[in-house]
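**Student:** If you count by mature numbering (1 follows the signal peptide of the UniProt record, and there is no 0), then the sequence shown holds residues -19 to -1, 1 to 976, one letter each, in order.
Glycine is no exception: its CB is placed at the ideal position from the N, C-alpha and C atoms.
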Amino acid sequence: MKKALLLLFLSTFLTKTYAQDYFPNNESIHNKNNNYTVFTNATIYVTPTQKIEKGTLLIQDGKVVGAGNNITIPKNSITINLEGKTIYPSFIDIYTAFGVEKPKNNPGGRNPLYDTKRAGYYWNESIRSEVNAYESFKYDQPKAEELLKAGFGVVGTHIPDGIARGTGVLIALNNNENSTRILSSKATNHFAFTRSATTNQSYPSSLMGMMALLRQMYLDLDWYKKGNSTTKDLSLEALASNEKLTQIFTTEDKLNSLRAAKIAKEFGLNYVLKGSGNEFERIEEIKKTNASFIIPINFPEAYDVSNPYQSNQLELADLRFWNQAPTNLKVLSDNGIVFALTTDKLKKTEDFRTNLIKAIKYGFDKTKALEALTTIPASILGKSNEIGTLKNGSYANFVITSGEIFDEKTVLYENWVQGSKYIVNDVNTKDIRGNYDLTIDTNTYKWKIDGTVTAPKSEVTTADAKKANATFSVSNNWVSLLIKSNDTTKTAYTRLTGLIENTQKLSGKAVLSDGNEVQWTAVKTSPFVAVKDSVKPEKLNPIMPVTFPNTAFGNSKKLTAQTLLLKNATVWTNEKEGILEETDVLIKNGKIAAIGKNLSDASATVIDAKGKHLTSGIIDEHSHIAISNGVNEGGHNSSAEVTIEDVVNPEDINIYRDLAGGVTISQLLHGSANPIGGRSAIVKWKWGQPAEEMLYKNQPKFIKFALGENVKQSNWGINNPTRFPQTRMGVEQVFTDYFQRAKEYDATWKKYNSGSKKEKAPRVDLELQTIAEIINKERFITCHSYIESEILMLMNVTEKFNFRVNTFTHILEGYKVADKMKEHGVGASTFSDWWAYKFEVNDAIPFNGPIMHNEGIVVAYNSDDAEMSRRLNQEAAKAVKYGNISEEDAWKFVTLNPAKLLHIDDKVGSVKIGKDADVVLWSTNPLSIYAKAEKTIIEGVVYYDISKETEQELAITKERSELISQLLQEKNKGASTQEPKKKEKKEYHCDTLEQ
């Protein structure tokens, strides 16, 4: 009895012990499975380019042991015959948010935070480099199954929050809970142009602010690594320790990819850029980045254009992108760009294969597609010896298919990850498709089975050729058929079931409507023939050509400079020669080569300008068009570290409109949300060229300052006025404080640079560095201003620091202090006749510009507005109306005078031999409201030609019509569609803030 009780106790104890697994995984306790699994007679892709016919794949303990035609099969092997099947390496997606919780928005409401409350971390809370995704990762079984069904075996995942997002983890999609799924706890390091959702910190609020923050972060990192800091920063520590990881930068747009590449070049970094699918539109610039990419294939759904009123809301660029997007992968591949593919941004994971096959139909090579899903992502991660192939020693991550993986008819049967099988479709499913003679007891039928192997369809007809009401299903090689009686007086069914053993003859048991059991048989009379095999191949939509930019009025090819001879024009020189009648102007090599009578040049294109007027191009000293994602960085009271040069948008249609109004150069200014704003960009409107080509070469350095209502936040609404300064006297103190700090900062660096440099280096501060340039007279101030008291205040403050304001812009009370401005040496860029649009403008008068001009101040008229910039010629005319200014001097208000204010009058602003050929040919006197810019020329390139505009408009109408026809056909074919929606474009002004 005692012995029996002892055995019972031991049995219970051991059972509990093994169930809870308290003992280590030791072979003396657990029997380790050393068996091999062998897959024979398969077509095996060891790599995308190494293919083995009728090969053998040998795996053990989750790894590949061998793959080839002469593999010795060990005795302790489980053999699986895959005759007629194909094996591929499982796919890899290195950019997901798999298993991580979506960051929650900060509950702090709209009250902005200016300083961080985090101790021991970086000063900005969007820098979250210390975050590690593996610490909060939870395996998501349902999502894993979606990915496994799509062919993926490994994913990289990270927390998509912030600008510096921390590290990502590499996960094997192994549904075996006892497996080691984490292949690398720190595989990647992530960055993006996105604020953190978890903070209410006000800075950065714009794209240019994010770029400036990244620059400052990298400068701080370099300074920190050299041991200059006296305090520990966990964010910088993490950045330093993760430098050797793959650095992935989420850009989500072709232009942002170029911006990220710019930062990478500045700091010697090697970003892998997560793109957006529109890279084909800027392929030459994308190629020059020399970066690797991660590309989504979330092609847009067709638009439902059946309602013409709704379809009219769509821009040509939207219609084109729908048409052209499937070619992106081919274009990238053809240009030698290395890229991996991702499921990111797809509404449904199952759409991945559908979209990839679509891209292949549009020319993307199948081998390149397989590389983009296997060897390339593995190489990007530095994991080529572990994943992405079926070479010896690699993880046993592979899919078993019925045939070529990118064929629409191919069935994915199994997805093995680390040697663990996941069944997508039963590999043993028998193909029973075909035509049969069905016999149930004494009744006969015709039975047609078609569809796909894994999802067959059925049609049953009676002996008298009537279609029977039948329900059909196949599961685990058992077939079931339910036939409803044709007798309308009662509801009766015959139920059939049978195991599929012989695909030529099916049989089983049937239960008749009266309950009697009988046998049934179905003898195949003819094999299955796919309907698609007998029809024409799918007709693809013709792809519209890409233009530069890829929008309405884009150029079909990139424009080049010409030798031009304009004959017999009335030439407004803006020089001592004045206005010349019946005069020729020769343009050669982008310059004005000659001015005079009866000029000739055999290589020139001659333009008859008789009766027309030729002027230098209009220069807009104050504009906010063509800026991406924020004109204000209003998060701090000084944002001197940001620059508009980072965020020029070369695709803004307002560029083309400006050219149509004779504008060739604009200064793109930061807004007026803070006393010390950001640095400006002087641009030439080279429509169709990259942003970098638009930037004025070797441009003088400018920065935007501001005074008045905007900077003290009196007009920001009740939720916003919390930041210093809140008064006009506070604005003065901001300037004084920053100038003093910059002066001291500059002195510290000068002392360090002149010494032995044995002491610790000062920290580079981009903000103070920029302000120091102002004090050192290397950078010029353009200041937003209205009230005379504030105008005088800023002049007094700058004089205390021994420099001068360059330009007061707006300056609508300039007429009150014109004598003081003349004494100070400042110029004025004003409006012609704007007034009373806010309180501090109540004293504005239309005589303001002429009064300042007559005082001897250099005066320009600017637009500060996307609409007004198209008619600055008419704004100049108002100086004649209100101030009795001569026509020649009034014209200088929008040409030579802004060039002087921008310190570029040695190159532009007048028609003079040797200057840039930035000229406009007008139909009549340019100050007339009837004047039209017929040709706008920049450096010898005709960027606007009114004679071609009608032709362009007709081409746009034709293209829209063709694309709408394509969309209607897509809907008729049953394709998913989306509702057309008009894209609201934000027009920036001085006070525009990003949400």
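Rounded to whole angstroms, what's the CA-CA distance from residue 10 to residue 43? Just pull it up for me.
**Tutor:** Low confidence applies here, because residue 10 scores a pLDDT of 36, under 50, leaving its location unreliable; read the following figure in that light. Each residue's Cα considered, the two are about 21 Å apart.
**Student:** Just how far apart, CA to CA, sit residue 350 and residue 749?
**Tutor:** 49 Å
**Student:** If we count the other Cβ atoms within 10 Å of its Cβ and call it buried at 16 or more, is residue 946 buried or exposed?
**Tutor:** It is exposed - the Cβ of residue 946 has fewer than 16 other Cβ atoms within 10 Å.
**Student:** Write down every uninterrupted run of the alpha helix (DSSP H) in the region 861 to 903 whose length is 4 residues or greater and which is fully enclosed by it, in chain order.
**Tutor:** Runs of the alpha helix (DSSP H) inside the region 861 to 903: 868 to 873 and 877 to 882.
**Student:** Mind checking residue 110: buried by the 16 CB within 10 Å criterion, or exposed?
**Tutor:** buried
**Student:** Under DSSP, the beta strand (DSSP E) around residue 380 begins and ends at which residues?
**Tutor:** 379 to 382
**Student:** Buried or exposed: which applies to residue 985, given that a residue is buried once 16 or more other Cβ atoms fall within 10 Å of its Cβ?
**Tutor:** This structure does not reach residue 985, given that the chain is present from -19 up to 976, and the question cannot be answered.
**Student:** How would you write the range of the beta strand (DSSP E) that residue 31 sits in, first residue to last?
**Tutor:** Residue 31 -> beta strand (DSSP E) spans 31 to 41.
**Student:** Can you have a look at residue 935 and say buried or exposed, based on whether 16 or more other CB atoms are within 10 angstroms of its CB?
**Tutor:** Label assigned to residue 935: exposed.
**Student:** Which one of 148, 401, 404 and 336 has the shortest CA to CA distance from residue 387?
**Tutor:** 336
**Student:** Look at residue 114 and residue 138 and say whether their C-beta atoms are less than 7 Å apart.
**Tutor:** yes
**Student:** How would you call residue 198, buried or exposed, if buried means at least 16 neighbouring beta carbons within 10 angstroms?
**Tutor:** Around the Cβ of residue 198, a 10 Å sphere holds 16 or more other Cβ atoms; the residue is buried.
**Student:** Could you tell me whether the region 757 to 768 touches the region 786 to 804, where touching means 3 or more Cβ pairs closer than 8 Å?
**Tutor:** yes
**Student:** Within the same chain, show all residues whose beta-carbon is closer than 7 Å to that of residue 541, passing over the 5 residues directly before and after it, in chain order.
**Tutor:** 922
**Student:** Is the region 524 to 531 touching the region 296 to 316 in the sense that three or more CB pairs, one from each, lie closer than 8 Å?
**Tutor:** yes
**Student:** Going by DSSP, what residues sit across from residue 252 in a beta bridge?
**Tutor:** 228
**Student:** Taking 7 Å as the limit between beta carbons, can you name the residues of its chain near residue 910, skipping five residues before and five after?
**Tutor:** 855
**Student:** Can you tell which of 456, 432 and 417 has its C-alpha closest to the C-alpha of residue 441?
**Tutor:** 417
**Student:** To the nearest angstrom, how far is it from the Cα of residue 820 to the Cα of residue 793?
**Tutor:** 12 Å
**Student:** Which complete alpha helix (DSSP H) runs does the region 157 to 227 hold, if anything under 4 residues is left out?
**Tutor:** 188 to 206 and 215 to 222
**Student:** When burial is assigned at 16 or more other CB atoms within 10 Å of the CB, is residue 142 buried or exposed?
**Tutor:** buried
**Student:** Which residue comes first and which comes last in the alpha helix (DSSP H) that contains residue 830?
**Tutor:** 829 to 835
**Student:** Does residue 8 come out as helix, strand or coil in the three-state DSSP assignment?
**Tutor:** Low per-residue confidence applies at residue 8: pLDDT is 37, beneath 50, and the placement is therefore not dependable enough to give any value.
**Student:** Per DSSP, what are the beta-bridge partners of residue 343 in this structure?
**Tutor:** Assignment of beta-bridge partners to residue 343 by DSSP yields no partner.
**Student:** Answer with buried or exposed for residue 1028, where buried requires no fewer than 16 other C-beta atoms within 10 angstroms of its C-beta.
**Tutor:** The displayed coordinates of the chain run from -19 to 976. Any statement about residue 1028 would go beyond what the structure contains.
**Student:** With residue 978 as the anchor, note down where its beta strand (DSSP E) starts and where it stops.
**Tutor:** An answer regarding residue 978 cannot be provided, because it is not within the stretch -19 to 976 covered by the chain.
**Student:** Report yes if the C-beta distance between residue 703 and residue 659 is below 7 Å; otherwise report no.
**Tutor:** With respect to the 7 Å criterion, residue 703 and residue 659 are not classified as neighbours on the basis of their beta carbons.
**Student:** List the residues that DSSP assigns as beta-bridge partners of residue 62.
**Tutor:** 21
**Student:** Ignoring anything shorter than 3 residues, give me the beta strand (DSSP E) runs that lie fully in the region 257 to 306, in order along the chain.
**Tutor:** Given a length threshold of 3 residues, each whole run of the beta strand (DSSP E) inside the region 257 to 306 is given here in chain order: 273 to 277.
**Student:** CB residue 868 to CB residue 747, shorter than 7 Å?
**Tutor:** no
**Student:** Once DSSP output is grouped into helix, strand and coil, what is the label at residue 387?
**Tutor:** coil
**Student:** Just confirm the distance between the C-beta atoms of residue 264 and residue 195, as a whole number of angstroms; I'd bet it's less than 8 Å.
**Tutor:** Not really, about 25 Å apart at Cβ, beyond 8 Å.
**Student:** Would you check if the distance between the CB atom of residue 193 and the CB atom of residue 154 is smaller than 7 Å?
**Tutor:** no
**Student:** Going by Cα to Cα distance, which pick from 605, 833 and 686 is closest to residue 846?
**Tutor:** 605
**Student:** If you run the structure through DSSP and keep just helix, strand and coil, what is residue 582?
**Tutor:** coil
**Student:** If you follow the beta strand (DSSP E) that residue 922 is part of, which residue opens it and which one closes it?
**Tutor:** 922 to 926
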